[in-house]
Amino acid sequence: MVNDSSGARRRAASVVRPAIRELSAYQAPPAGDGIKLDAMENPYELPPALKSGWLEVMREAALNRYPDPSGAQLKERLRRVFDLPAGSSILLGNGSDEIIQMIQLALGGPVLAPVPTFVMYEMTARFVNLEFAGVPLDREFALDADAMLAAVERHQPAVVFIAYPNNPTGNLFDEDAIRRVIGAAPGLVVIDEAYHAFAGRTLMPYVEAYPNVLIMRTLSKLGLAGLRLGFAAADPAWIDELEKVRMPYNINVLTQASAVFALDHIDVFNEQAARIRAERGRVAAGLAAKGYRCFPSDANFILFRCREKDAGDVFRTLLDDGVVIKNLDGAHPALAGCLRVTIGTPDENDRFLEALPGS
Ligand code: PMP
Numbered sequence: 612m613v614n615d616s617s618g619a620r621r622r623a624a625s626v627v628r629p630a631i632r633e634l635s636a637y638q639a640p641p642a643g644d645g646i647k648l649d650a651m652e653n654p655y656e657l658p659p660a661l662k663s664g665w666l667e668v669m670r671e672a673a674l675n676r677y678p679d680p681s682g683a684q685l686k687e688r689l690r691r692v693f694d695l696p697a698g699s700s701i702l703l704g705n706g707s708d709e710i711i712q713m714i715q716l717a718l719g720g721p722v723l724a725p726v727p728t729f730v731m732y733e734m735t736a737r738f739v740n741l742e743f744a745g746v747p748l749d750r751e752f753a754l755d756a757d758a759m760l761a762a763v764e765r766h767q768p769a770v771v772f773i774a775y776p777n778n779p780t781g782n783l784f785d786e787d788a789i790r791r792v793i794g795a796a797p798g799l800v801v802i803d804e805a806y807h808a809f810a811g812r813t814l815m816p817y818v819e820a821y822p823n824v825l826i827m828r829t830l831s832k833l834g835l836a837g838l839r840l841g842f843a844a845a846d847p848a849w850i851d852e853l854e855k856v857r858m859p860y861n862i863n864v865l866t867q868a869s870a871v872f873a874l875d876h877i878d879v880f881n882e883q884a885a886r887i888r889a890e891r892g893r894v895a896a897g898l899a900a901k902g903y904r905c906f907p908s909d910a911n912f913i914l915f916r917c918r919e920k921d922a923g924d925v926f927r928t929l930l931d932d933g934v935v936i937k938n939l940d941g942a943h944p945a946l947a948g949c950l951r952v953t954i955g956t957p958d959e960n961d962r963f964l965e966a967l968p969g970s
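In the numbering used here, the protein residues as written are 612 to 970.
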């Protein structure tokens, strides 16, 4: 560095917004040679025959050209494969993370969500300088409809985020409770179905049944986390506004071509998701056999609570054995003593259960 970096630090401190200065940048630990069960990824790669077909598609990709700014071909495939409501429009995002950001940029705040939930709803609110109100889930991590309605009344949120299933708790909220929130909310209600492939349930018909519902999905958990593709379906009146804050070429050429190819082979991904679902019950039984309290999951991960052991000790024991999971102790008061494990291949799950100490 030519300049003394303490000078740069002083300068940055004088202009970077305080709300940003007090944050830490997102950190994801590399698993190295270990087993990565911390990020809700699908553990299976493309089968070899499919990989060859995909490489052929990549060979044709025009890297010298900007991508199709509207992603028309990709949207057509998404509509067909996921049976999106005929009257809806589609918004594409560089992961659903980016869609969360676009929604908050366009709508402003307050932003409301039950907590604990996916942290990016609150983080993004801080990035864009919006008020965030978190409404505690009940002791079993169910949606507390009365508390949600009271918070809607008090805060009059521009947007409510509901993850269905919820991360990190893994459960699907009661539909009646969600409908009450939709009925009371003055603005948009985003139903985030990131874990749809493992849930067997969807609220997609709500897009046509209610004027204020947007459904968000992602290809990440289905086996394509590396592509970074999320999408949202909602009435065109909502999507037209959100389109105004979308960066023109947010979905790159390789992602568009890869996603179209993958969607033409959706059966392969659905079959992988079915394998993951089948393993979920076995991992839950293994956790229970070691004395942990397991919370019911409709996703590709399981939240579990230590009875006596310190969650940090359990996390480190696993890490020493090359198994990376997520320690949620301290992330929210309701998550005291909790850890979250992503469902891997049968071998990976065996390794995890073998390395796991008693609770
Ligand atoms: N929504 C939920 C509920 C999530 O848990 C995650 C990822 N952990 C996302 C959205 C973001 O997914 P992506 O940006 O990969 O589409």
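Cβ coordinates follow ideal geometry from the N, Cα and C atoms, glycine included.
- request: Would you identify the three-state DSSP class for GLY937, choosing helix, strand or coil?
  value: According to the sequence as given, residue 937 is Lys; it is not Gly. Note: LYS937 maps to strand in three-state DSSP.
- request: Throw me the rounded Cβ distance for the LEU702 and LEU853 pair, which I believe falls under 8 Å.
  value: 5 Å
field: Rounded C-alpha distance that separates GLU656 from GLY682
entry: 25 Å
message: Would you say the beta carbon of ASP924 is closer than 7 Å to some non-hydrogen atom of the ligand PMP?
response: no
task: Spell out a yes or no on whether the stretch 759-767 and the stretch 781-797 are touching, meaning 3 or more CB-CB pairs, one atom from each, closer than 8 Å.
output: Contact between the stretch 759-767 and the stretch 781-797 is present, because at least three Cβ pairs lie under 8 Å.
field: Span of the alpha helix (DSSP H), counted from its first residue to its last, around ALA942
entry: Taken as a continuous stretch (DSSP letters only), ALA942 belongs to no alpha helix (DSSP H), as it is neither H nor E.
message: Out of ILE789, LEU838 and PRO721, which one is the CA nearest neighbour of SER707?
response: LEU838
Nonlocal neighbours in the same chain, by C-beta distance under 6 Å from PRO816, ignoring five residues either side: If we look at PRO816 and ignore the five residues flanking it on each side, it has no Cβ neighbours.
field: Identity of the residues DSSP links to SER700 by a beta bridge
entry: When beta bridges are read from the DSSP output, SER700 appears opposite ALA845.
task: Please confirm whether any heavy atom of the ligand PMP lies closer than 7 Å to the CB of PHE880.
output: Residue side-chain check: PHE880 keeps its Cβ at 7 Å or more from all non-hydrogen atoms of the ligand PMP.
field: Buried versus exposed call for ASN740 [16 or more other C-beta atoms within 10 Å across all chains shown]
entry: exposed
- prompt: Should ALA774 be listed as close to the ligand PMP, given that the test is whether its C-beta is under 7 Å from any heavy atom?
  reply: yes
field: Nearest-angstrom beta carbon gap, MET713 and GLY704 [assumed within contact, 8 Å]
entry: 7 Å
Residues sharing a beta bridge with PHE912, DSSP: THR953
Close-in-space but distant-in-sequence residues of the same chain around ALA910 (CB under 6 Å, 5 per side omitted): Closer than 6 Å at Cβ, skipping near neighbours: PRO776, GLY781, TYR806 and PHE809.
query: Any idea if SER617 is buried or exposed, counting beta-carbon neighbours within 10 angstroms, 16 or more meaning buried?
result: exposed
task: Starting from PHE880, follow the beta strand (DSSP E) in both directions and report where the run begins and ends.
output: Unbroken run through PHE880 is the alpha helix (DSSP H), 877-900; no beta strand (DSSP E).
message: Would you say the beta carbon of PHE743 is closer than 7 Å to some non-hydrogen atom of the ligand PMP?
response: no
message: Among ALA966, ASP679, ARG621 and GLU733, whose alpha-carbon lies nearest the alpha-carbon of GLN867?
response: ASP679
Where SER635 falls, given that 16 or more other Cβ within 10 Å makes a residue buried: With fewer than 16 other Cβ atoms within 10 Å, it is exposed.
message: Is the separation between the beta-carbon of LEU950 and that of VAL925 shorter than 8 Å?
response: Their beta carbons are under 8 Å apart, which means LEU950 touches VAL925 by this criterion.
query: Should LEU583 go down as buried or exposed, given a rule of 16 or more other Cβ atoms within 10 Å for buried?
result: As displayed, the chain neither begins before 612 nor continues past 970, which places residue 583 out of reach and without an answer.
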